[in-house]
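This report concerns only the one structure given below.
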């Protein structure tokens with residue numbers, strides 16, 4: 239698909255973790271530190287992350303809705319049990335505190351500044367809690383106008399409820415936004431089901447496209463977004 243011959247968006251919505259914030263790098267660091275507190279194991283950090291991701295995503299889609307802090311803590315506990323690791327009550331808190339402190343990618347703040355100067359309004363739509371993401375947003379230069387979370391909507395991506403709630407809160411339709419994201423599994427699924435325009439930031443992390451959806455544009459880093467929009471006459 240293409241963004242050509244479509245109208246300039248009123249809002250740009252962003253996934254946070256992996257798009258603006260260094261999720262993979264921060265999660266790897268957090269898991270390595272947690273594993274250092276466990277004795278007598280040979281569990282690789284990448285394996286723990288893989289199992290944690292599976293449990294976290296399953297919990298997010300299993301009623302009733304839980305806070306991200308609970309989902310992250312329970313997901314980590316289940317992953318450690320599956321891998322034969324002895325968990326502690328502190329592990330979940332360590333993980334969420336480290337998530338809140340994860341920094342932006344190097345090009346992000348300057349790009350957000352440029353987009354604001356170009357007249358766009360900027361909103362984050364994220365699978366997290368308000369207090370968790372607050373530490374990340376504080377590092378984004380004050381350029382974010384709105385933050386919509388799973389806590390506010392009572393739903394996690396890829397369920398469309400979170401995006402429907404975000405669009406309602408912004409007072410827009412799907413045609414008034416362009417969503418910028420890094421996660422095919424979560425954000426592309428919603429873009430496919432709802433039909434909003436979507437730019438994929440493919441940071442070469444090994445994530446692959448869904449078999450039945452192609453984003454409207456694919457870029458390697460966020461700082462390529464302003465040039466793309468200029469080329470479209472926006």
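In our numbering, the protein residues as written are 239 to 472. For glycine and all other residues, C-beta sits at the position ideal for the given N, C-alpha and C. These numbers come from a predicted model, not from an experiment.
query                                                                                                                                                                            : result
So is residue 365 buried or exposed if we call it buried at 16+ other beta carbons inside 10 Å?                                                                                  : buried
Drop a sphere of 10 angstroms on the beta-carbon of residue 307, count the other beta-carbons inside from all chains shown, and report buried for 16 or more, exposed for fewer. : buried
Can you name the residues that DSSP bridges to residue 451?                                                                                                                      : In the DSSP output, where bridge partners are listed per residue, residue 451 has none listed.
Which parts of the region 276-309 are runs of the alpha helix (DSSP H), unbroken and 4 residues or longer, counting only runs that do not cross its ends?                        : 283-298
Where DSSP assigns a beta bridge to residue 249, which residues make up the other side?                                                                                          : 359, 415
Taking Cβ to Cβ, would you say residue 410 is nearer than 9 Å to residue 435?                                                                                                    : no
Note down the Cα distance separating residue 428 from residue 299, rounded to an integer number of angstroms.                                                                    : 14 Å
Output the boundary residues of the alpha helix (DSSP H) element that contains residue 387.                                                                                      : Not the alpha helix (DSSP H): residue 387 falls in the beta strand (DSSP E), residues 384-387.
With respect to the alpha helix (DSSP H) encompassing residue 370, which residues constitute its N-terminal and C-terminal limits?                                               : 368-375
Do residue 337 and residue 310 have their CB atoms nearer than 9 Å?                                                                                                              : yes
Is residue 437 helix, strand or coil when you go by DSSP?                                                                                                                        : strand
According to DSSP, is residue 342 helix, strand or coil?                                                                                                                         : strand
Residue 421 and residue 445 look like a contact to me (Cβ under 8 Å); what is the Cβ gap, rounded to whole Å?                                                                    : 7 Å
What does DSSP give as the partner residues of residue 259 in its beta bridges?                                                                                                  : 255, 342
DSSP has residue 364 in a bridge; who is on the other side?                                                                                                                      : 387
Counting pairs of Cβ atoms below 8 Å between the region 282-292 and the region 454-468, do you hit three or more?                                                                : no
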